[in-house]
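Engineer: Below you will find the structure I want to go over with you.
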Amino acid sequence: MAKKKTIVVTGGAGFLGSHLCDFFIADGYRVMCVDNLITGNNQNIRHLLRDKNFIFMNHNISKELRLAGSVHYIMHFASPASPVDYLNHPIPTLKVGSLGTYHTLGLAKLKKAVYLLASTSEVYGDPQVHPQKESYWGNVNPIGPRGVYDEAKRFAEAITFAYHRSHGIDTKIVRIFNTYGPRMRINDGRVVPNFIDQALKNQPLTVYGTGQQTRSFCYYSDLIDGIARLLHSKIHGPVNIGNPDEFTILQFAKMVIQFSKTKSKIVYQPLPQDDPKQRRPDISLAKKELGWEPKIKLEQGLKNTIQWFENQGKVA
Ligand code: UDP
Numbered sequence: 032m033a034k035k036k037t038i039v040v041t042g043g044a045g046f047l048g049s050h051l052c053d054f055f056i057a058d059g060y061r062v063m064c065v066d067n068l069i070t071g072n073n074q075n076i077r078h079l080l081r082d083k084n085f086i087f088m089n090h091n092i093s094k095e096l097r098l099a100g101s102v103h104y105i106m107h108f109a110s111p112a113s114p115v116d117y118l119n120h121p122i123p124t125l126k127v128g129s130l131g132t133y134h135t136l137g138l139a140k141l142k143k144a145v146y147l148l149a150s151t152s153e154v155y156g157d158p159q160v161h162p163q164k165e166s167y168w169g170n171v172n173p174i175g176p177r178g179v180y181d182e183a184k185r186f187a188e189a190i191t192f193a194y195h196r197s198h199g200i201d202t203k204i205v206r207i208f209n210t211y212g213p214r215m216r217i218n219d220g221r222v223v224p225n226f227i228d229q230a231l232k233n234q235p236l237t238v239y240g241t242g243q244q245t246r247s248f249c250y251y252s253d254l255i256d257g258i259a260r261l262l263h264s265k266i267h268g269p270v271n272i273g274n275p276d277e278f279t280i281l282q283f284a285k286m287v288i289q290f291s292k293t294k295s296k297i298v299y300q301p302l303p304q305d306d307p308k309q310r311r312p313d314i315s316l317a318k319k320e321l322g323w324e325p326k327i328k329l330e331q332g333l334k335n336t337i338q339w340f341e342n343q344g345k346v347a
């Protein structure tokens, strides 16, 4: 039997990282999950701990990581990823996007591994071009509160591409647009867990601003499928992966109310600083080069997610 390939997933105990660990274990890889659990949750990987092909390392990837043996793939997903989390951890967010990317690229160079960086639609900031194509350079406030995440990810893209150019590393960069689903942290502050938590408790849903700002929500399984295709592709530059179905936050709040059958009403609260007014991925590159497009409509994904949060409440 051929020896299994080893894949390192940083942030492997987080929302997306843990789904990646599941995907690659099922796909026949040996998975090394690296996480310092500042926003990750070991409940997300508890079911994998007994698998002999799964290794968990509690390590802060902003510090160097030495590994014995072969590593074939590195996926750098470690970072606080919700606006509330990166405002609570601004310096660790900057460090994991910069030093964490530097150290994982160093490891990729040493091990001659394929490298995939988790980047973000936040590199477009508050976009003045709509929908956002990969060729758009963005509109980011570097010293605003969101800058700690946006600029760290922009630096991460820059250094990843420099390692590709200078050292010939086989790099991939995925720009992830708002993704949701089971294993989001209920208190991570993002709109999906916030609204679902509020709805399940019959509390008012907190719409920030007028609710006319837009987002385009991608179900996690579609995103994982897109990332897996990207990993095995020949593209080195950034690729948007997200669902182009765009909704206002007010529309989204009404859907949550409808699908969770809550008595909750809507209340309006101030819009956070630099909150992007609109966001929708142009996914023509992913369609053309990866043969990828999302399959799960918001209605279905949202119902699944509400159900999952409801079940969590019963277990707790
Ligand atoms: N939002 C909201 N109420 C909440 C949480 C978020 O209206 O309780 C809004 C937020 O202002 C933003 C959108 O929902 O316009 C998406 O916010 P999120 O934090 O999920 O992620 P972002 O896309 O801003 O990174």
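In this text, residue positions in the sequence shown follow the numbering used here: the first is 32, and each later residue adds one. Even for Gly, the Cβ is constructed at its ideal location relative to N, Cα and C.
#1: Just the Cα atoms here: how many angstroms apart are Val154 and Gly59?
#2: Comparing alpha-carbon positions, which option in Tyr180, Val298 and Gly175 lies nearest Ala109?
#3: Keeping to the same chain, check which residues put their C-beta closer than 8 Å to that of Ile122; ignore five residues upstream and five downstream.
#4: Which residues in the same chain have their Cβ closer than 6 Å to the Cβ of Tyr146, if we skip the five residues on either side of it in sequence?
#5: According to DSSP, simplified to helix, strand and coil, what is Ile337?
#6: In chain order, what residues of the same chain have a beta carbon less than 6 Å from the beta carbon of Arg221, not counting five sequence neighbours either side?
#7: Identify, in the order they occur along the chain, each residue of the same chain with its Cβ nearer than 8 Å to the Cβ of Met286, setting aside the five sequence neighbours on each side.
#8: For Thr41, count neighbouring Cβ atoms within 10 angstroms of its own Cβ and tell me buried if that reaches 16, exposed if not.
#9: Buried or exposed, going by whether 16 or more other CB atoms sit within 10 Å of the CB of Lys126?
#10: In this structure, what does DSSP give as the bridge partners for Ser247?
#11: With DSSP as the reference, please indicate the residues paired to Pro312 in a beta bridge.
#12: Can you tell me whether His107 is helix, strand or coil according to DSSP?
#13: Within 10 Å of its beta-carbon, does Gln244 have 16 or more other beta-carbons around it, so buried, or fewer, so exposed?
#14: Regarding Gln244 and the ligand UDP, is the C-beta to nearest heavy atom distance less than 8 Å?
#15: Assuming Phe248 and Asn274 make a contact with CB atoms under 8 Å, what is their CB distance in whole Å?
#16: Does the separation of the CB atoms of Glu95 and His50 fall below 9 Å?
#17: In the DSSP output, what is Pro269 paired with across the bridge?
#18: For a quick check, are the C-beta atoms of Gly175 and Phe46 less than 9 Å apart?
#19: Sorry if obvious, but does the Cβ on Ile280 come closer than 8 Å to a heavy atom of the ligand UDP?
#20: Hey, how far is the Cα of Tyr251 from the Cα of His90?
#21: Does DSSP put Met286 in a helix, in a strand, or in coil?
#22: Can you find a heavy atom of the ligand UDP that lies under 8 Å from the Cβ of Phe54?
#23: In whole angstroms, give me the CA-to-CA distance for Lys294 and Ile227.
#24: In terms of alpha-carbon separation, which member of Ser101, Gly242, Leu262 and Asp256 lies closest to Tyr299?
#25: How about Asn342: is its Cβ closer than 8 Å to a heavy atom in the ligand UDP?
Structural biologist: Let me spell this out:
#1: 33 Å
#2: Tyr180
#3: Val179
#4: Ile105, Ala139, Ile200 and Thr202
#5: helix
#6: Ser113
#7: Phe278, Leu329, Glu330 and Leu333
#8: buried
#9: buried
#10: Glu277
#11: Gln163
#12: strand
#13: buried
#14: yes
#15: 6 Å
#16: no
#17: Ile204
#18: no
#19: yes
#20: 25 Å
#21: helix
#22: no
#23: 12 Å
#24: Gly242
#25: no
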